[in-house]
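Protein chains in written order, with our numbering: chain A, 16 to 98; chain B, 16 to 98.
A virtual CB, placed ideally from N, CA and C, is assigned to each residue, including glycine.
Number of protein chains: 2
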Amino acid sequence: AGDIEAGKAKAAVCAACHGADGMAVIPGYPHLKGQNEQYLVSSLNAYKAKQRNGGLAAVMQAQAAMLSDADIANLAAYYASLK
Amino acid sequence: AGDIEAGKAKAAVCAACHGADGMAVIPGYPHLKGQNEQYLVSSLNAYKAKQRNGGLAAVMQAQAAMLSDADIANLAAYYASLK
């Protein structure tokens with residue numbers, strides 16, 4: 016599993032849309048707080064591989080493109096850890 | 016917005032993977048409880064239109080293919096309403 020602290024640091028970028036606590040203030044974006052870690056990894060990889068399209072997917076594809084596998088694991092661990 | 020009661024009835028099918036209370040017991044599936052309504056509509060439409068691929072997307076494409084626009088609105092309203 017990822018490193019929660021490293022994920023927290025990396026999540027500073029994500030907070031703009033997904034909220035500082037993982038609760039998205041913008042209705043079209045998902046809450047990430049307490050989401051399943053494995054699902055978060057699978058979703059981020061799908062955006063990174065441009066397998067997820069439609070809706071606001073393009074925004075996330077651009078974000079995910081900048082993430083390494085370690086970043087993805089750490090971010091997933093961080094958001095899954097939020098209760 | 017959708018009809019929460021109609022969504023609850025329709026959600027019986029979804030509970031198998033996403034849990035009776037919208038908390039997925041299977042790690043690879045997302046929790047839906049309290050998720051943003053607009054995001055749920057956008058995601059279901061993306062699965063229905065086969066715009067979302069990768070990971071377990073194929074499973075959801077098959078499910079979403081059976082849903083009408085009203086079903087999608089009602090399911091989104093229902094899951095967003097769970098606190």
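Residue i, buried or exposed, once every other Cβ within 10 Å from all chains shown has been counted against 16
i        : result
Met81(B) : exposed
Ser58(A) : buried
Ala73(A) : exposed
Ala92(A) : buried
Ala79(A) : buried
C-alpha gap between residue i and residue j, whole angstroms
i        : j        : result
Cys32(B) : Ala31(A) : 30 Å
Glu52(A) : Val28(A) : 19 Å
Ala85(A) : Ala21(A) : 9 Å
Lys98(A) : Ala77(B) : 31 Å
Ala88(A) : Lys25(A) : 11 Å
Ser96(B) : Gly17(B) : 11 Å
Asp63(B) : Val56(A) : Reading the sequence as shown, one finds Lys at residue 63(B) and not Asp. Roughly 22 Å separates the two Cα atoms.
Pro42(A) : Gln50(B) : 9 Å
Lys23(A) : Gly37(A) : 11 Å
Gly70(A) : Ala61(B) : 7 Å
Leu47(B) : Ile19(A) : 22 Å
Asn68(A) : Met75(B) : 14 Å
Gly34(A) : Lys65(A) : 24 Å
Pro45(B) : Tyr94(B) : 12 Å
Range of the contiguous alpha helix (DSSP H) that encloses residue i
i        : result
His33(B) : 30 to 33
Lys25(A) : 19 to 25
Asp84(B) : 84 to 96
Gln78(B) : 72 to 80
Gln53(B) : 52 to 63
key: Near-chain E residues of the region 68 to 93 of chain B - C-beta to any C-beta below 8 Å   = In the structure shown, chain E cannot be found, because the protein chains are A and B.
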